[in-house]
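Protein chains in written order, with the numbering used here: chain U, 1 to 179; chain H, 180 to 445. For reference, the structure is listed below as structure tokens.
Now the structure itself:
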């Protein structure tokens, strides 16, 4: 439970930190997303009820700080990020047995793919709302760039969270260590 | 699936359904409350970020500082002399204005604000500023700098406000072009690079705008008062039905530190 609370706090801190991490101009202004890496680790380490709480918290914060209300309509409905997180975390949760066997490479790659999928989902919803869709080089970078960065960050973040889980005697751990 | 999981899933779906059914008003209120909760964290984060930036920029060699100091001393003397001359001119202008019973032009009532965060999301171009309802700010108020239009306010909490930049695709501004009768709508691009450009749409095909011409707010629509500089024409192209100009924003939206919210007229 302590580990779960730590994860909740870390998600909050990561969401605030993302405010102050400037977009990467060498990557067509792609943003750095840390929160999805934490959530997708939670998807593998937490049981379903706690995972749902974590997903709700992360999606709620994401929508609260990003969703825009233009005139009298909301561009992307509040809650849509929770839904996207839930679907993607559900997929990651399905890979939990593999994680429990100490195989974490697939999960690092999947974390990147799911981060990009989250952004793709947002982009599709936004495009549907605005009535036009296009995929330029910049759009692909905005979607793919954060995924790539998440994939690179994932081993380090997973290792740190694994250490935290051990320190808090969290029982839902892989049988063998991450490293 | 365990009983706890089923209960958690039902509660999750119910809560999600409730949030998804929120309208614009409810969402705005909820967002404002969350921003209110986040305000101290955002302000602290902004302060730390500024300190880090200032430490980085202040790491200059002593030689550089000495040279800069000397040059500033010279500049200071020159400015003092210019200032004195301008004081005399100001005095004379004031005297003449008074004599002509000059009526002061209506000016905007501005609330100065500091940018605490920028571009917090991938799909919207926004800024977060450290002023809110307590300072008289409401939704859909224009935000400007001394150089021109920045955008408009969207979510407003007690002391934090989100500003939708003019470079965002969903921020639409009615505009006219100096020296012409051309009117159009300025929008940003959905995804732009480091230096975003603006599109001025719905011009006539014959507009033939020249690079450097200035586009101002026309006041149509009610959100933006007329006469605010939006940007300069970069190029113009005639399309099948209308003309479109690309504008370079008057304000460098990537380096904003301080802005003003137009809360009314004086």
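Idealized CB from N, CA, C, for every residue including glycine. Fair warning: this is a prediction, and the values are worked out from it, not measured in the lab.
Cβ of residue 348 (chain H) less than 8 Å from any chain U Cβ? yes
Below 8 Å CB to CB, which residues in the same chain sit around residue 83 (chain U) once its five sequence neighbours on both sides are set aside? 59
Interface residues of chain U facing residue 298 (chain H) [CB-CB closer than 7 Å]: 23
Is residue 242 (chain H) helix, strand or coil when you go by DSSP? helix
Residue 97 (chain U) to residue 104 (chain U), Cα distance in whole Å? 11 Å
Is the distance from the Cβ of residue 146 (chain U) to the Cβ of residue 124 (chain U) below 8 Å? no
So which of H:245, H:390, H:354 and H:328 has the shortest CA-CA distance to residue 435 (chain H)? H:328
Note the first and the last residue of the continuous beta strand (DSSP E) segment covering residue 364 (chain H). 362-366
Considering residue 395 (chain H), what are the terminal residues of the beta strand (DSSP E) in which it resides? 393-396
Whole-number beta carbon distance between residue 335 (chain H) and residue 349 (chain H), since they are thought to touch under 8 Å: Contact doesn't hold; Cβ gap of about 17 Å is too wide.
So with Cβ pairs under 8 Å, would you call residue 207 (chain H) a contact of chain U? yes
Within 7 Å: the Cβ of residue 108 (chain U) and any heavy atom of the ligand NAP? The model on display carries no ligand, and the ligand NAP is accordingly not part of it.
Starting from residue 111 (chain U), find everything on chain H with Cβ-Cβ shorter than 7 Å and list it in chain order. What residue 111 (chain U) touches in chain H: nothing, since even the nearest Cβ is about 17 Å away.
Leaving out five residues before and five after residue 114 (chain U) in sequence, what residues of the same chain have Cβ atoms less than 6 Å from its Cβ? 40 and 88
Keeping to the same chain, check which residues put their C-beta closer than 8 Å to that of residue 17 (chain U); ignore five residues upstream and five downstream. 34
For residue 316 (chain H) and residue 332 (chain H), which I take to be in contact (beta-carbon distance under 8 Å), what is that distance rounded to the nearest angstrom? 6 Å
Chain-order list of residues whose beta-carbon lies under 7 Å from that of residue 309 (chain H) (same chain, five-residue window excluded): 222, 292, 293, 295, 338 and 339
Are the beta-carbon atoms belonging to residue 424 (chain H) and residue 376 (chain H) less than 8 Å from one another? no
Indicate whether at least one CB of chain H lies closer than 8 Å to the CB of residue 79 (chain U). yes
So what's residue 388 (chain H) in DSSP terms, helix, strand or just coil? coil
Which class does residue 339 (chain H) belong to by DSSP, given the choice of helix, strand or coil? coil
Beta carbon of residue 15 (chain U) nearer than 8 Å to that of residue 62 (chain U): yes
Does DSSP classify residue 333 (chain H) as helix, strand or coil? strand
Give me the chain H residues within the contact set of residue 105 (chain U), using Cβ-Cβ distance strictly less than 9 Å, ordered along the chain. Ordered by position in chain H, no residue passes the 9 Å Cβ test against residue 105 (chain U), which lies about 27 Å from the chain.
Can you confirm whether residue 49 (chain U), when its beta carbon is compared against all beta carbons of chain H, has any partner nearer than 8 Å? yes
Partner residues on chain U for residue 188 (chain H), Cβ-Cβ distance less than 9 Å: 48, 49 and 52
Can you check DSSP and say which residues form a bridge with residue 126 (chain U)? Answer is none; residue 126 (chain U) lacks a bridge partner.
Under 7 Å between beta-carbons, which chain H residues line up against residue 74 (chain U)? List them in chain order, please. 203 and 206
What are the boundary residues of the beta strand (DSSP E) that includes residue 376 (chain H)? No beta strand (DSSP E) holds residue 376 (chain H); DSSP gives it neither H nor E.
Mind listing the chain U neighbours of residue 370 (chain H)? Cutoff is C-beta to C-beta under 7 Å, in chain order. 136, 138, 139 and 142
Is residue 292 (chain H) helix, strand or coil by DSSP? strand
Where does residue 99 (chain U) fall in DSSP's three states? helix
Quick one: which chain A residues come within Cβ less than 9 Å of residue 184 (chain H)? Although the question refers to chain A, the structure presented lacks it and instead comprises the protein chains U and H.
Tell me which residue opens and which closes the alpha helix (DSSP H) that residue 20 (chain U) is part of. 2-20
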